[in-house]
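The block underneath contains the structure these notes are about, expressed in structure tokens.
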Amino acid sequence: MNKTITLWTRLLLTASVLLSAIGMASPAAAASGEETFKKKCGACHSIGGGKLTGPDLKGVTERRTEAWILQFVKSPQKMADSGDAAAKALLAEFGFPMPDQDVTDADIKAILAYIAGGGGGGGGGAAAPAAPAAPPSAADIELGAKLFQGLVRFEKSGPACNSCHHVKNDAVIGGGVLARELTTVFTRMGAPGTSAIIGQPPFPVMEAAYKGRDLSPAEVKALVAFLQDVAAKEAMQTPVDYGNNLLIGGTGLFLVLACLYGLIWRRRKQLPVNHAVFERQVKSQ
Amino acid sequence: MDIRAQISMVFHLDKCIGCHTCSIACKNIWTDRKGVEYQWWNNVETKPGTGYPSKWENQDIYKGGWERNQDGTIQLRGAGKGKGLGNIFHNPYLPTIEDYYEPFTYNYLNLIEAPPGDDQPTARPVSMITGEPIDVKMGPNWDDDLSGTPDYARNDPNMAGLSPAERQAMFELERLAFFYLPRICNHCLNPGCVASCPSGAIYKRGEDGIVLINQKVCRAWRMCVTACPYKKSYYNWHTGKSEKCILCYPRLEAGYAPACMHSCVGRIRYLGVMLYDADQIEKTAAVPDSELVNAQLSMILDPFDPEVIQAAKANGIADSTIKAAQNSPTYKFVKTWGMALPLHPEFRTLPMLFYVPPLLPVMASVTETDGAQKAKLNPIAKTWTDNWLYDTSTEELWGTVEQARFPLKYMAAMFTAGDEKAMAERIKKLMAIRIYRRWKTVGDVDEAKARKVLADVNLTELQAEDVYYLTSLAKFNDRFVIPPAHREQAHEMLEFVGDRRGSTGFGFRETPARGM
Numbered sequence: 083m084n085k086t087i088t089l090w091t092r093l094l095l096t097a098s099v100l101l102s103a104i105g106m107a108s109p110a111a112a113a114s115g116e117e118t119f120k121k122k123c124g125a126c127h128s129i130g131g132g133k134l135t136g137p138d139l140k141g142v143t144e145r146r147t148e149a150w151i152l153q154f155v156k157s158p159q160k161m162a163d164s165g166d167a168a169a170k171a172l173l174a175e176f177g178f179p180m181p182d183q184d185v186t187d188a189d190i191k192a193i194l195a196y197i198a199g200g201g202g203g204g205g206g207g208a209a210a211p212a213a214p215a216a217p218p219s220a221a222d223i224e225l226g227a228k229l230f231q232g233l234v235r236f237e238k239s240g241p242a243c244n245s246c247h248h249v250k251n252d253a254v255i256g257g258g259v260l261a262r263e264l265t266t267v268f269t270r271m272g273a274p275g276t277s278a279i280i281g282q283p284p285f286p287v288m289e290a291a292y293k294g295r296d297l298s299p300a301e302v303k304a305l306v307a308f309l310q311d312v313a314a315k316e317a318m319q320t321p322v323d324y325g326n327n328l329l330i331g332g333t334g335l336f337l338v339l340a341c342l343y344g345l346i347w348r349r350r351k352q353l354p355v356n357h358a359v360f361e362r363q364v365k366s367q
Numbered sequence: 305m306d307i308r309a310q311i312s313m314v315f316h317l318d319k320c321i322g323c324h325t326c327s328i329a330c331k332n333i334w335t336d337r338k339g340v341e342y343q344w345w346n347n348v349e350t351k352p353g354t355g356y357p358s359k360w361e362n363q364d365i366y367k368g369g370w371e372r373n374q375d376g377t378i379q380l381r382g383a384g385k386g387k388g389l390g391n392i393f394h395n396p397y398l399p400t401i402e403d404y405y406e407p408f409t410y411n412y413l414n415l416i417e418a419p420p421g422d423d424q425p426t427a428r429p430v431s432m433i434t435g436e437p438i439d440v441k442m443g444p445n446w447d448d449d450l451s452g453t454p455d456y457a458r459n460d461p462n463m464a465g466l467s468p469a470e471r472q473a474m475f476e477l478e479r480l481a482f483f484y485l486p487r488i489c490n491h492c493l494n495p496g497c498v499a500s501c502p503s504g505a506i507y508k509r510g511e512d513g514i515v516l517i518n519q520k521v522c523r524a525w526r527m528c529v530t531a532c533p534y535k536k537s538y539y540n541w542h543t544g545k546s547e548k549c550i551l552c553y554p555r556l557e558a559g560y561a562p563a564c565m566h567s568c569v570g571r572i573r574y575l576g577v578m579l580y581d582a583d584q585i586e587k588t589a590a591v592p593d594s595e596l597v598n599a600q601l602s603m604i605l606d607p608f609d610p611e612v613i614q615a616a617k618a619n620g621i622a623d624s625t626i627k628a629a630q631n632s633p634t635y636k637f638v639k640t641w642g643m644a645l646p647l648h649p650e651f652r653t654l655p656m657l658f659y660v661p662p663l664l665p666v667m668a669s670v671t672e673t674d675g676a677q678k679a680k681l682n683p684i685a686k687t688w689t690d691n692w693l694y695d696t697s698t699e700e701l702w703g704t705v706e707q708a709r710f711p712l713k714y715m716a717a718m719f720t721a722g723d724e725k726a727m728a729e730r731i732k733k734l735m736a737i738r739i740y741r742r743w744k745t746v747g748d749v750d751e752a753k754a755r756k757v758l759a760d761v762n763l764t765e766l767q768a769e770d771v772y773y774l775t776s777l778a779k780f781n782d783r784f785v786i787p788p789a790h791r792e793q794a795h796e797m798l799e800f801v802g803d804r805r806g807s808t809g810f811g812f813r814e815t816p817a818r819g820m
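This is the structure in structure tokens:
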């Protein structure tokens, strides 16, 4: 009995390994690996193009084992938490963990095959538009600011950036705190990184939020311009921090209103006319 | 002179048996809907009692009606421009649902659908507002069942002016008495509800003076609920509009009496048109309390007076309406015979529903000649020689009026703004006619006495017979003299109807749009 199972298992395993080997070798898989890389990784990683937001992935298959990569890509933070030295080192080097990727093992293997195959050389972020060489135009900054705040709607109705992100800038109202604060994102990632992330979000939540609502190149350009401007002007911004005053002021106003209402409605009928009668009545509950 | 026609009502309280048929007739027609379950456009109260909503007569609580200023003008007590603005977000004088009563039904279905169990299934009371089981706290006619308790009868706001001894006398065993007070909207000449409405949704119909709330214009301010001292404007919590008695105007227009009057078992209700001088309204509503009743009655004009008829015609009042006014039973009771009085004239809304006050319980004649009866009485019971008087408490002809079981002061607080003399006058008339008729039918009253009592109250024999007829024998058409509504004329004012001529009478049968 046992023997039969083992035999079958072996057969199946062999078949699957063979099949996957064939798949990896096939051009279709390589193409899909390239696609996935550009979509999911290219924003932060290059293949032989040097360090971007994340490390250069050239030769990564030689540096790490496949098993390690499979595990790491799915949840880098968990890996670092579990005490993996390499993951910790990466976290220390880049300062923030790579976001968890919603990819299958087959996808990763395809990407690795693409990387191993040279990845078409060049930098990452193949989808990214050319970085603006000159300082961004005022029109772009203005449009970017409006798009960021949702004052102008994205063409495909994607949610406005400030529903999740905040930037320190006097010109715009505060944004949400659900995702990273973006004041210095341009400094950290540069034009290619920023526009790649905006154009093709590699973060699962952001990806889901903009699924089927991709931003147009013009919108990406405007937002990058805005973020560049924000990063450049960061030192000059003095956003007002009300701190506890807001809470204290609110409480004070509430008390004033409470007194006012108490005064206006002081003659409010508090009890029914026959309250005393009702009080005496036998109640079932 | 600005003569207008007003449909007015007279309720003869001596005839009311308190059966609530009127209330049920009204409820079934008009207030059997969601949001108005608690409303009783017609309700019957037991007096003494606190009524519905509880203590509605106490304007310190509800701030209804008008009050007279020092300078002789009047203003609404709890509503109006300034006060309304001050209470725009919360009107503190509104009755709450508990002041009316929380409407309830019983879960009858449980009686037949309950699963088998150890106990008999019961039909629990269920709130008609929330649908949840409730403890019934109160009903719309709670005074019926609980009158006499310290909570209801003894809290009657009309007893405010009575001394403790007088109050106690009202509840003395074997002297205890009560009467019924049916109430509907008074369709006042100076309605507080109309004056208070910030939306201008309430109006008094020009042709017959019926006060109506335009449901499309009402904006749920509920100022009318406060302003009506009779609490006869109600808020429909489901539609967010206020509603009130419409005097069954669709029935009136078709020539039928309102449902409450039509169904009245005791035939206590009379309806007819009266002509009044609208120029006098403001002045009349502002006279001192003591003159209120007479001032209001003097506004009502004689429909036989040629000058009045001419002015009425000039004002567009139809001949048929003038004729109805001449036959109006309410004009007879109110003006010709001077027997009916408005309820709480001191609210200054000039109500056009009048009440013939109750003569209060007639006691069997107990005399010293009636030995068998006499033996059953307490030895200290009073005896007298005259054997025709109704009341056993006095020997004087009119003494019974002063010593009635209900103090005149109490009745006057309800019907004459405290004028006991005016009140006594009405009660004497009622007594006089009764004594006169007793002479006629039973014959145990001396003829001289019968004639004397009539003369004392300035009634002729013919008038007494008329009163007797309208009180006891009147047929439908005597009790309800409804002027033709002339809707066809109103219709013609609104649109051209000439195109109908020559185009009706022949054609194809088509299914009506509403479906068949």
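For the protein sequence lines, the chains are E and R, in the order given.
Per our numbering, residue 83 is the first one in the first sequence, and the count goes up by one each step.
Per our numbering, residue 305 is the first one in the second sequence, and the count goes up by one each step.
For every residue, glycine included, the Cβ atom is placed at its ideal position computed from N, Cα and C.
Check	Outcome
Which residue comes first and which comes last in the alpha helix (DSSP H) that contains R/ASP782?	780 to 783
Short of 8 angstroms in beta carbon distance, which residues of its chain neighbour E/PRO286, apart from the five on each side in sequence? Order them along the chain.	PRO181, ASP182, GLN183, ASP184
Tell me, please, whether the CB atom of E/PHE336 is closer than 8 angstroms to any CB atom in chain R?	no
Suppose contacts are defined by Cβ-Cβ distances below 8 angstroms. Is R/LEU516 in contact with R/ILE488 by that definition?	no
My understanding is that E/ARG349 touches R/PRO396, with C-beta atoms under 8 angstroms, so please give their C-beta distance in whole angstroms.	4 angstroms
Does the beta carbon of E/GLN153 sit closer than 8 angstroms to a beta carbon anywhere in chain R?	no
At what residue ranges does the segment 759 to 818 of chain R contain a whole run of the alpha helix (DSSP H), taking only runs of 4 or more?	765 to 772, 780 to 783, 791 to 798
Can you grab the Cα-Cα spacing for the pair R/GLY811 / R/TRP334, in whole Å?	38 angstroms
Kindly list, in the order they appear in chain R, the residues whose Cβ is closer than 8 angstroms to that of E/PHE360.	GLU402, LYS441, MET442
So, using beta-carbon positions, are R/LEU645 and R/MET313 closer together than 8 angstroms?	no
I'd like to know whether the C-beta atoms of R/VAL529 and R/SER546 end up nearer to each other than 8 angstroms.	yes
Are any of the Cβ atoms in chain R nearer than 8 angstroms to that of E/SER366?	yes
So which residues on chain E does R/SER358 lean against when the C-beta distance must stay under 7 angstroms?	VAL355, ASN356
Is there a C-beta anywhere in chain E that falls below 8 angstroms from the one on R/ILE433?	no
Hey, could you find the ends of the beta strand (DSSP E) R/PRO429 is sitting in?	429 to 431
Round the Cβ separation of R/MET442 and R/PRO407 to the nearest angstrom and send it over; I've been treating them as touching at under 8 angstroms.	That pair is no contact at about 10 angstroms.
Does the beta-carbon distance from E/GLY130 to E/LYS140 come in below 8 angstroms?	yes
How would you label R/LYS779, buried or exposed, when you count the other beta carbons within 10 angstroms and need 16 or more for buried?	exposed
Which of the three DSSP states, helix, strand or coil, is assigned to R/ASN490?	coil
Chain E partners of R/HIS542, CB-CB under 9 angstroms?	Simply none; closest approach about 21 angstroms.
Hey, quick one: how far does the beta strand (DSSP E) through R/LYS616 stretch, first residue to last?	Going by the sequence as given, residue 616 of chain R is Ala instead of Lys. No beta strand (DSSP E) holds R/ALA616; the alpha helix (DSSP H) holding it covers 610 to 618.
Between R/PRO502 and chain E, is there a C-beta pair that is closer than 8 angstroms?	no
To the nearest angstrom, how far is the alpha carbon of E/LYS191 from that of E/GLY281?	24 angstroms
Taking Cβ-Cβ distances shorter than 7 angstroms, what residues in chain E pair up with R/ASP423?	Within 7 angstroms Cβ-Cβ: nothing; R/ASP423 doesn't reach chain E, min ~15 angstroms.
Pick out the complete alpha helix (DSSP H) segments inside the segment 712 to 757 of chain R, 4 residues or longer, and give them in chain order.	712 to 719, 724 to 745
Tell me, to the nearest whole angstrom, how far the beta carbon of E/ALA290 is from that of E/LEU229; I am working on the premise that it is less than 8 angstroms.	At roughly 20 angstroms, the Cβ-Cβ gap does not stay under 8 angstroms, so E/ALA290 and E/LEU229 are not in contact.
At a Cβ threshold of 8 angstroms, is E/TRP347 touching chain R?	yes
Rounded to the nearest angstrom, what separates E/THR320 and E/ASN251 at their Cα positions?	8 angstroms
Taking R/PHE651 as part of the beta strand (DSSP E), name the residues at either end of that continuous run.	R/PHE651 -> no beta strand (DSSP E), and no H or E assigned at all.
With R/LYS508 as the anchor, note down where its beta strand (DSSP E) starts and where it stops.	506 to 508
Using a beta-carbon distance cut-off of less than 7 angstroms, what residues from the segment 336 to 369 of chain R approach chain E?	SER358, LYS359, ILE365
Closer than 8 angstroms is the cut-off here; do at least three beta carbon pairs connect the segment 550 to 569 of chain R with the segment 315 to 335 of chain R?	yes
Identify, in the order they occur along the chain, each residue of the same chain with its Cβ nearer than 8 angstroms to the Cβ of R/TYR507, setting aside the five sequence neighbours on each side.	VAL498, VAL515, LEU516, ASN518
Under a CB-based cut-off of 8 angstroms, is R/HIS648 close to chain E?	no
Compute the distance between the beta-carbons of E/ASP189 and E/THR135, then report whether it is under 8 angstroms.	no
Thinking R/THR400 and E/PRO283 are a contact (beta carbons under 8 angstroms), I'd like their distance in whole angstroms, please.	Actually they do not touch by this definition, with Cβ atoms about 57 angstroms apart.
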